[in-house]
Amino acid sequence: MSETEALRDRAAGLDKADELGALRERFVLDEVVYLDGNSLGALPASVPGRVADVVGREWGRLRIRSWTESGWWTAPERIGDRIAPLVGAAAGQIVVGDSTSVNVFKAVVGAVRLSGGPQAGRDEILVDASTFPTDGYIAESAARMTGCTLRPLAPADMPGAAGPRTAAALVNHVDYRTGRLHDLPGITAAVRDAGGLAVWDLCHSAGALPVGLDAHGVDLAVGCTYKYLNGGPGSPAYLYVAERHQGAFDSPLPGWNSHAEPFGMRAGYAPVDGARRGRVGTPDILSMLALEEALTVWDGVSVEAVRAKSLALTDFFLECVAAHVPAGLVASVTPAVHAERGSQVALRCDRADEVMDELITRGVVGDFRAPDVLRFGFTPLYVGFAEVERAARVLGEVVRG
Ligand SMILES: Cc1ncc(COP(=O)(O)O)c(C=O)c1O
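Heads up: the sequence shown begins at 84 in the numbering used here, then just goes up one per residue.
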C-alpha cells in the first residue's frame with residue numbers, strides 16, 4: 084500500500100469513528116474542502132428559514148410589536164446567555180452587539196477605569212505585540228484617552244511585566260496568524276495578582292476549544308461570532324464582563340440601550356445593572372437573530388469533544404502535509420505542542436498568495452495572510468479527515484508546480 088493509500092485509509096477510519104461527523108448535516112456545504120471557518124464559518128442549514136421568518140412575519144407583519152412580542156429587545160442578553168456555556172461563563176455576563184473592534188474599546192477603557200487608572204498609579208496597558216491589528220489600534224487610542232501608555236509585549240512575557248503600573252492587559256487567546264494558543268489561566272492570574280485586569284480577545288478560540296472564562300477568573304473578554312460560531316458575515320460580537328465587575332463597570336459608550344430606564348428618555352445617564360450595561364444603541368436584529376439560530380447547531384455538542392477533534396484534525400493535517408509536500412517547501416509556524424495550538428495550521432511558503440489562489444481554484448479553501456502565510460482553519464463541526472488528507476495532497480501538487 085502506498086503512503087497516500089495508507090493515509091486515505093486512516094482518514095476513512097477516523098471519519099467513521101468521528102462522533103461529531105453527523106453534525107456536518109447541520110450546515111450548507113458542498114464538495115469544496117472548506118478550511119476557512121476561522122474567517123467566516125459555514126452557513127447553518129436552519130438559518131435561511133429563520134431569517135425569512137424574521138423578515139416576513141416578525142418585521143413584515145408584526146412590525147413594531149416585535150420589539151416585545153418577538154423578543155427583539157432582549158435579544159442581546161438572551162443570545163449572550165447562549166454563547167456563555169461555549170466560553171465557560173455562567174449566565175448574565177455576556178451581551179451581544181456591535182463589532183469586536185467596538186467591544187475591544189469598551190472593554191479596554193472599562194478595564195482601565197476599573198483598575199483606578201493613572202490616578203491610582205496604573206498607567207500602562209499591556210498588549211500582545213503580534214495582536215490582530217484592530218486590537219492594537221484601539222488599545223493605542225484607549226491608552227491615549229485614558230492617559231496610559233501602551234506596552235506591546237509577547238504574551239509569554241506579560242506575567243513578568245505585570246506590576247503596580249499595570250492597568251490592563253489585552254491579549255488574543257489564539258494568535259490569528261500563527262494559530263498559537265496563549266496561556267489564558269497563567270496570564271490572567273499574573274495580571275490580576277499585580278492588581279490589573281485581563282481582557283481577552285476570543286475571536287479565534289470561542290467555538291473551537293474550552294475557554295473557561297469563569298474558572299480562570301478572566302475580568303473582561305470580547306469575541307466575534309462569524310468564525311467558529313457561524314453567525315454569518317458581520318454578525319454581532321459580544322462582550323463579557325465578569326459578574327464581580329458589573330456594578331463598577333463604567334462603559335465609555337453609555338448609549339440609551341444601557342440606561343436603567345431606556346424609555347424614560349432622561350437627560351442624565353444612569354446605567355442598568357448586569358451584562359446589559361455593555362449595550363450601546365439599537366441592536367442589529369436581522370444579524371442577531373441569524374446568529375441566534377446559528378447557535379442551535381451547538382445543541383447537544385460538548386466543547387471538549389470539539390477540542391479533541393480539532394487537535395486530531397490539525398495533527399492529521401500536519402502528518403499529511405509532511406507526507407504529501409516535498410521537504411523544505413512549506414514550514415509550519417503553528418506550535419506542535421497541543422497546549423499551545425488553536426484550531427488552525429499556518430504554513431509559511433514562497434509565493435503564498437499565488438499558492439492560495441491556486442488551492443482555491445482546485446477546491447481547497449483556506450486563506451492567505453501577509454507576507455507569506457497560508458492559513459487553514461479546522462472547524463470540527465463540519466470538517467472531516469478525508470477532506471484534510473485531500474487538502475494536504477492538493478497543496479503538495481500546487482507547491483510542486
Ligand atoms: C482576533 C481578532 N480580533 C478582532 C477582529 C476584528 O473584528 P471586527 O471586524 O468584528 O471588529 C478580528 C477579525 O477577524 C480578529 O481575528
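Where is the CB? At the ideal position from N, CA and C, for every residue including glycine.
With a threshold of 8 Å, the Cβ atom of Cys-286 counts as near ligand 1, since some heavy atom of the ligand is closer than that. Between the stretch 331-341 and the stretch 310-318 there are fewer than three C-beta pairs closer than 8 Å, too few to call the two in contact. Around Leu-412, the same chain offers Cys-432, Asp-433, Val-482, Arg-483 as residues with beta carbons nearer than 8 Å, after the five sequence neighbours per side are excluded. With fewer than 16 other Cβ atoms inside 10 Å of its own Cβ, Pro-316 counts as exposed. For Arg-205, the closest of Val-324, Glu-423, Val-192 by C-alpha to C-alpha distance is Val-192.
For Glu-470 against Val-116, the beta-carbon gap comes to about 4 Å, under 8 Å, which counts as contact.
Contact annotation: Leu-280 and Ala-252 have beta-carbon atoms nearer than 9 Å. Taking the C-beta atoms as reference points, Glu-472 is found no nearer than 9 Å to Arg-107. Following the DSSP letters along the chain, one finds Trp-150 inside the alpha helix (DSSP H) bounded by residues 149-152. Rounded to whole angstroms, the gap between the alpha carbons of Thr-462 and Ala-291 is 7 Å. The Cβ-Cβ distance between Gly-200 and Thr-229 falls below 9 Å. DSSP places Val-178 inside the beta strand (DSSP E), whose first and last residues are 177-179.
Assignment of Thr-271 by DSSP, reduced to helix, strand and coil, places it in the helix class.
For the beta strand (DSSP E) assignment, the uninterrupted runs of no fewer than 3 residues enclosed by the stretch 266-329 are, from N- to C-terminal side, 280-284, 303-306, 321-324.
Checking the 8 Å criterion, the Cβ of Ala-320 is within range of a heavy atom belonging to ligand 1.
In the structure shown, Arg-205 adopts coil according to DSSP, grouped into three states. Taking the Cβ atoms as the reference, Leu-264 lies roughly 5 Å from Gly-425, within the contact range of under 8 Å. Contact between the stretch 320-327 and the stretch 143-155 is absent, with fewer than three C-beta pairs closer than 8 Å. The C-beta of Gln-176 has 16 or more other C-beta atoms within 10 Å across all chains shown, which makes the residue buried. Cβ atoms of Pro-268 and Gly-171 stay farther apart than 8 Å, at about 11 Å. Straight-line measurement puts the Cα of Thr-365 at about 9 Å from the Cα of Trp-156.
Selection Asp-101, Asp-136, Lys-99 evaluated against Leu-369 yields Asp-136 as nearest (Cα-Cα). Within the DSSP bridge table, the entry for Ser-415 names Leu-430 as partners. If you check the C-beta of Ser-341 against ligand 1, you find no heavy atom less than 8 Å away.
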